[in-house]
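Right, one structure below, let's go through it.
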Amino acid sequence: MSNLEGTFAWNQDAVTGNEELRHVLYEGVSQYLCGVHGNVAEVAQGASSLNQAVTDGDLIVALRVEGDVRNSFVATIEECLDEAPIQTVLGCTCAGNPADGRASANAEVTGFTVAALLERAQPVEEANAITFTAQDGYAVTLPLSYVQQRHSVIVTEVGGAAIDEALGCQNQLWLGATSARSFVRDVVSIKVESLPQEPGVPTLQGLNQPNVGVVEGAVE
0 MSNLEGTFAW NQDAVTGNEE LRHVLYEGVS QYLCGVHGNV AEVAQGASSL NQAVTDGDLI
60 VALRVEGDVR NSFVATIEEC LDEAPIQTVL GCTCAGNPAD GRASANAEVT GFTVAALLER
120 AQPVEEANAI TFTAQDGYAV TLPLSYVQQR HSVIVTEVGG AAIDEALGCQ NQLWLGATSA
180 RSFVRDVVSI KVESLPQEPG VPTLQGLNQP NVGVVEGAVE
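Just so we're aligned, residue 0 is where the sequence shown starts under numbering that gives the first Met the number 0, counting upward by one.
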């Protein structure tokens, strides 16, 4: 490789546009890996009762926070945005992102923090798990401490646009330093539990974040 010449550069401040974000993370790769749910018919059983008081038809108007907490409550999306607004840049990387792929992005997101919801709910001391359930019944369970130690945001806007326009959902859980496999879309319920065994931490093994690869150039 004695004739190899070139320049190595990076920019961690770059923000991906919504069109590119939608393509690389939701159209160009496996949708399941990026938090788009699997067979809705399989997960929808029992979802109708879960959605009572938090939906108006297909529109998600509120979130239910319940379980092993001192204060279960239902809060409208507007209330959540008023009480715990956040605007930040977060990374989103598919677990299947290859070394030379582009299934990784930074996005400017707006929404409200999960931490504020938990502060209001006041989990009991024994609580060790948190489950985010979607409108169709799909659910992801994570260690409570894992979620508390990260930027955990229910996103309602991406890149200055409403998330339904940007990514085709009404809201989405985003977690710092976590594969987008856990980014549940259309969250209607957050349940805190005290399980006999704490859930496993989402694996980062093989997760190529930030995305690193040669995308242009030549070797002579």
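From the three backbone atoms N, C-alpha and C, an ideal C-beta is built for every residue, glycine too.
Use the C-beta contact count for residue i: other C-beta atoms within 10 angstroms, 16 or more gives buried, fewer gives exposed.
i, result
"Thr109", "buried"
"Pro122", "buried"
"Glu192", "buried"
"Gly158", "buried"
"Ala258", "There is simply no residue 258 to check, as the chain begins at 0 and stops at 219 in what is shown."
Note the first and the last residue of the continuous alpha helix (DSSP H) segment covering residue i.
i, result
"Leu20", "Asn17 to Arg21"
"Ala83", "Run containing Ala83: none; DSSP gives neither H nor E here."
"Trp119", "Checking the sequence, you will find Arg at residue 119 rather than Trp. Val113 to Ala120 is the extent of the alpha helix (DSSP H) around Arg119."
"Ser144", "Leu143 to Gln147"
Taking residue i as the reference, which of the options has the closest Cα?
i, options, result
"Gly175", "Ser103, Ala83 and Val60", "Ser103"
"Val183", "Leu20, Asp135 and Glu192", "Asp135"
"Val154", "Ala165, Pro142 and Tyr145", "Ala165"
"Ala128", "Val68, Ala160 and Ala13", "Val68"
"Leu116", "Val73, Tyr137 and Asp185", "Val73"
"Ala126", "Gly66, Val60 and Pro84", "Gly66"
"Ala160", "Asn17, Pro142 and Leu143", "Asn17"
"Glu78", "Gly56, Asp57 and Arg119", "Arg119"
"Val146", "Ala13, Gly56 and Leu172", "Leu172"
If you follow the beta strand (DSSP E) that residue i is in, where does it begin and where does it stop?
i, result
"Leu166", "Taken as a continuous stretch (DSSP letters only), Leu166 belongs to no beta strand (DSSP E), as it is neither H nor E."
"Val186", "Val186 to Glu192"
"Phe131", "Ala128 to Ala133"
"Ala61", "Ala61 to Gly66"
"Phe72", "Phe72 to Thr75"
"Ser181", "Segment: none, Ser181 is in no beta strand (DSSP E) and carries neither H nor E."
"Thr155", "Ser151 to Val157"
Using 7 Å as the cut-off, classify the Cβ of residue i as near or not near the heavy atoms of the ligand ZN, replying yes or no.
i, result
"Arg149", "Annotation note on the ligand ZN: not contained in the displayed structure, which lists no ligands."
Could you check how far apart the C-beta atoms of residue i and residue j are, in whole angstroms? I think they sit under 8 Å.
i, j, result
"Ile59", "Asn170", "7 Å"
"Thr140", "Pro198", "5 Å"
"Val64", "Ile162", "Wrong, their Cβ atoms sit about 20 Å apart, outside the cutoff."
"Leu62", "Val187", "6 Å"
Notebook entry, point to check: Can at least three beta-carbon pairs, one atom from the stretch 139–154 and one from the stretch 85–92, be found at a separation below 8 Å?
Noted result: Touching, per the Cβ criterion.
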